[in-house]
Each structure stands twice: as C-alpha cells, then as structure tokens.
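Here the structure is laid out as structure tokens; the discussion comes afterwards.
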Amino acid sequence: MVVAEVALLIFGLIIFMGFFAAMFFERTKIPDIVILLLLGVLLGSVFQVVNPGDFIPLASTVGTLALIVVLFDGGLHLDLLTIMRQIPNAALFSTVVFVLGALLVGGLLHFALGWPLLHALILGVIAGGTGSNEVLPLVQRLSLNGKSKVLLSLDSLINDVLTFVFIFLILQVATTGSFSVSSTLGSVASAFSIALLAGVVCGIAWLQMMKRFSPLPFAYMITLGFMFILYSAINFVGGSGAIAVLVFSLALGNSALISQFLKSKEQFVLDPSIITVQKEISFFVRTFYFVYLGLLFTPQFFSASVAIIASIALAGFFAARYVGTLVISAVDSSFRKYSVAIATMLPRGLISTVVLFLPAEKGIFIPYLVEAVFLLVLFSNVITLAGAFVFERNSLETARTSKPSVVAIGSSRRN
7 MVVAEVALLI
17 FGLIIFMGFF
27 AAMFFERTKI
37 PDIVILLLLG
47 VLLGSVFQVV
57 NPGDFIPLAS
67 TVGTLALIVV
77 LFDGGLHLDL
87 LTIMRQIPNA
97 ALFSTVVFVL
107 GALLVGGLLH
117 FALGWPLLHA
127 LILGVIAGGT
137 GSNEVLPLVQ
147 RLSLNGKSKV
157 LLSLDSLIND
167 VLTFVFIFLI
177 LQVATTGSFS
187 VSSTLGSVAS
197 AFSIALLAGV
207 VCGIAWLQMM
217 KRFSPLPFAY
227 MITLGFMFIL
237 YSAINFVGGS
247 GAIAVLVFSL
257 ALGNSALISQ
267 FLKSKEQFVL
277 DPSIITVQKE
287 ISFFVRTFYF
297 VYLGLLFTPQ
307 FFSASVAIIA
317 SIALAGFFAA
327 RYVGTLVISA
337 VDSSFRKYSV
347 AIATMLPRGL
357 ISTVVLFLPA
367 EKGIFIPYLV
377 EAVFLLVLFS
387 NVITLAGAFV
397 FERNSLETAR
407 TSKPSVVAIG
417 SSRRN
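When we follow my numbering, the leftmost residue of the sequence shown carries the number 7, and every step to the right adds one.
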C-alpha cells in the first residue's frame with residue numbers, strides 16, 4: 007500500500023507541477039519544458055526516487071504514444087491551406103539542414119577525433135532527427151506567425167523520415183557494401199506517398215463515419231485508438247506513421263474545408279468533445295513525457311569524452327540550421343523576423359532514441375554512442391529552450407516599443 011500511495015503522490019505532484027509550469031510560461035515566457043525536464047532529473051539521478059535504468063527500455067513505446075497524441079493536437083490546430091503552401095519551403099529547409107548537418111558532424115568526428123568514417127556518419131545521421139514531440143507543442147505556444155509554425159512542424163516530421171531512411175541506408179552500406187541513389191529516393195518517396203494517401207483516405211472516411219453516427223459515443227477514445235492502428239499499420243508497410251497520423255488529424259481539424267473540397271451536401275463537423283478532451287489529454291501526456299525524458303539522464307552521460315562528442319554533434323547541426331535559416335529567409339523574407347526561433351529549434355528526442363540501438367542490432371558497436379546521443383538530447387533541448395526564451399523576450403520588447411505613445415490633450419499648463 008505504501009508503494010501505491012507514494013506513486014499516486016508523485017503522479018499528483020507531477021500534474022500540479024505541469025500546471026504551474028504552464029502558468030509560469032505564460033507569465034515569464036520561460037518554456038515549461040525546462041521545469042519538467044529538471045523535475046525528471048531530480049526524481050531520477052539526484053534524489054533517486056525512481057531508478058532511471060528501469061525506464062530506458064520503455065523509451066520507444068512511451069515516445070511513440072506521446073508522439074501520436076502530440077501529432078493529433080498539432081493537426082487539429084494547423085491550417086491545411088497554409089501547410090500546402092509551405093511544403094516546398096519545409097522540404098528545402100529540412101533537406102539542407104539534415105544533409106549539411108550529418109556531413110558536418112561526420113566530418114568533424116572523423117577528422118578531429120579520428121572516428122572511423124562509417125561510425126562518424128552513423129552518429130551524424132542519428133543526431134539529425136529533430137524531435138517532433140518537443141517541437142510541435144513548443145511552436146504552438148511561441149509568438150510565431152502561421153507560416154513559421156507550419157515550417158517548423160513540417161521540418162520536424164520530414165526530419166523523422168530522413169533519419170529513418172538514411173540510417174537504414176548507411177547500415178545497408180555497412181553490411182552489404184552496396185549503395186543505390188535510386189533506391190534511397192524511392193524509399194523517401196514511398197514513405198511519404200503511402201502516408202499521405204492513407205492519412206487522406208482514413209481522415210475523410212472517419213469524418214463520414216462521425217457524421218453518420220453523430221453523436222458518437224466515446225468519440226475521442228475510438229479516434230485515438232484508430233490513430234494507434236493507423237500509425238502501426240503504415241509503419242509496418244514501409245510508410246511514415248507519423249505523417250499519416252498528422253494528415254489524418256489535419257483532415258479532422260479542417261473538416262469544413264474538406265466538405266467544400268468534396269462538395270458535400272452536409273458539412274462535416276468534428277465532434278466538439280474531441281477538441282475538449284484532447285486539450286486535457288495533451289496536457290497530461292506532454293507533462294509526463296518531459297518528466298520521463300528527464301528521468302533518462304544518469305551520471306554516466308556526463309564524462310568529458312561524451313560531452314565533447316555531444317558538443318561536436320550539437321555544433322555541427324546548429325551551424326547547419328543557421329545556414330538553413332539563411333537559405334529559407336532568402337527564399338521568403340517573412341521568415342527573417344523569426345530567424346532566432348527557427349535557427350535554435352533543434353531539440354533531439356524520440357527519433358534519436360528510437361534509431362539509437364539499430365547499429366548494435368546489425369553488429370556495429372560504436373563506443374560512447376548511447377551516452378553521447380542521450381547527452382545531445384539534453385544539450386539540444388537546453389539550446390532550443392534558451393532560443394525560445396530569447397525570441398519571446400525580443401517579441402515582447404518589440405511589441406512594447408512599437409505601441410504608439412498616447413498624449414493627453416489639454417494636459418499642458420499655460421504660463
């Protein structure tokens with residue numbers, strides 16, 4: 007009984023901390039993720055209330071569950087027309103940042119630290135995955151315009167696909183010694199096309215079903231359950247489950263636009279209970295996910311060798327992201343105003359931890375790889391949150407100084 011009571015006490019305190027952290031963000035613009043990550047570190051490594059080692063095997067499952075909920079929340083609130091207009095920009099930005107970053111990190115590790123080129127490139131690719139779980143909730147709360155929010159959201163999802171494709175490509179080269187450009191491009195195109203088609207078809211079918219059986223009992227829970235099935239099925243057939251869930255969510259969130267496009271006699275209407283429940287579930291999942299992420303950090307990650315490797319990976323991708331920001335700002339000058347947020351939005355999380363153990367499964371053992379990637383997750387989130395804080399502070403200052411001063415008429419005295 008004591009163990010159960012302590013567990014419930016910790017759960018309750020985490021929920022309260024999540025609430026107060028969210029309120030703290032509204033007042034100070036310091037991202038609540040910082041507080042939640044620190045809470046996880048305190049519960050794990052510092053006070054050892056729980057053993058961090060017990061939670062590492064759950065990283066993939068916990069991260070995937072959180073990702074689906076976060077994608078659903080993001081899709082419900084993103085404008086479909088804006089997304090369609092921003093896909094070319096996002097594809098350009100993501101490709102420049104990912105390829106340049108992987109090459110920079112691989113080159114630095116190979117030439118500066120003497121790593122074998124294959125090992126260096128593997129870490130470069132693993133380090134390239136921007137964390138959708140971290141990006142999507144954060145961009146929705148920053149003072150960005152719609153285009154920038156869509157750009158960063160799509161970038162994190164495109165990065166997921168690129169990370170998976172290129173890590174499998176490098177591992178294929180390592181095990182078979184062969185390389186095919188056409189096969190790589192085909193894999194990327196296949197992953198996207200399967201996901202887009204499935205997301206669109208399932209989204210429209212789900213809207214039709216909800217319209218026919220409205221009001222639908224337990225609408226949110228069966229929708230969430232269907233997204234779990236959709237994510238797993240699309241990943242199983244070689245597509246991107248994350249993209250499929252996002253497209254499905256976009257269809258639901260833009261139901262009125264879908265009705266117009268299909269020229270439906272009766273307009274599709276999303277069950278209001280889904281929006282209401284999603285806010286609560288999203289808060290719950292976000293809070294526990296970031297506390298969980300903090301739990302994963304242990305003292306073994308903080309050696310000098312590991313810190314140097316993680317710092318090189320972070321520096322390489324920060325430089326690549328800076329170049330990518332310059333490129334996208336040259337293409338569309340409206341992004342220039344948000345360059346600080348775009349350049350520093352490089353948190354690593356779910357995708358990096360998911361692919362982290364693939365090299366070992368293929369018989370490729372890289373010293374310090376696990377420790378370096380986990381420390382990179384910490385470093386990259388700190389940089390992201392610092393960039394978000396600076397951006398929000400600058401936005402507040404700009405808003406303050408741009409307000410016209412009001413002069414009271416007749417307030418001056420006559421001498």
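Ideal Cβ placement from N, Cα and C applies to all residues, glycine included.
DSSP places T101 in the helix class (H, G or I) of the three-state scheme. In the structure shown, T136 adopts extended strand secondary structure according to DSSP, grouped into three states. By the 16-neighbour rule on beta-carbons within 10 angstroms, P122 is exposed.
Here R354 is bridged, per DSSP, to T136. Taking one beta carbon from each stretch, the segment 250 to 266 and the segment 81 to 94 have 3 or more pairs nearer than 8 Å; the two touch. Shortest Cα-Cα distance from P305 to any of Q54, A27, E11 and I21 involves Q54. The Cβ neighbour count for N57, taken over all protein chains shown within 10 Å, is under 16; the residue is labelled exposed. Under the three-state reduction of DSSP output, F53 falls in the coil class, being neither helix nor strand. CA-CA distance, G18 to F25, rounds to 11 Å. Where N241 is concerned, the enclosing alpha helix (DSSP H) starts and stops at A225 to F242. Contact annotation: T331 and A394 have beta-carbon atoms that are not nearer than 9 Å.
Around the beta carbon of E398, a 10 Å sphere encloses 16 or more other beta carbons of the protein chains shown; the residue is thus reported as buried.
For Q284, the enclosing alpha helix (DSSP H) begins and ends at P278 to L301.
Counting of Cβ neighbours within 10 angstroms places L64 among the exposed residues, the total staying below 16.
A Cβ-Cβ separation of about 28 Å leaves S265 out of contact with I164 under the 8 Å criterion. For the 9 Å CB-CB criterion, G130 and A347 do not form a contact.
A contact is defined here as three or more CB-CB pairs under 8 Å, and the segment 352 to 370 fails this definition with respect to the segment 275 to 282. Shown here, F363 sits in coil according to DSSP, grouped into three states, outside any helix or strand. Between L114 and A126, the CB-CB gap stays under 9 Å. If you look at F323, you'll find it in the alpha helix (DSSP H) that goes A310 to V337. Below 8 Å, enough C-beta pairs join the segment 234 to 254 and the segment 201 to 218 to call them touching: three or more. Remark: three or more beta-carbon pairs, one from each stretch, lie closer than 8 Å, so the segment 104 to 113 and the segment 322 to 329 are flagged as touching. Look at W212 here: in three-state DSSP terms it is helix.
When secondary structure is reduced to three states using DSSP, E272 falls in the coil class, being assigned neither helix nor strand. Pairing Q178 with F61, the inter-Cα distance amounts to about 30 Å. Taking the Cα of V383 as reference, the smallest distance to any Cα among A13, I39, K271 and I21 is reached at I39. In the structure shown, S149 adopts coil according to DSSP, grouped into three states.
Judged by DSSP in its simplified three-state form, G192 adopts helix.
In the three-state reduction of the DSSP assignment, F219 falls in the coil class, being assigned neither a helical nor a strand state. Annotated three-state conformation of F371 is coil, per DSSP. A Cβ-Cβ separation of about 7 Å places F232 in contact with W212 under the 8 Å criterion. Residues G46, L49, G50, V56, P58 and F61 of the same chain have their beta carbon placed closer than 7 Å to that of L301, with the five preceding and five following residues left out of the count.
Distance from the Cα of A133 is smallest, within the candidate group S162, A392, S188 and G245, for S162. Measuring C-alpha to C-alpha distances from A27 to each of L98, L236 and F289 identifies F289 as the nearest. The three-state reading of DSSP puts L384 in helix, counting H, G and I together.
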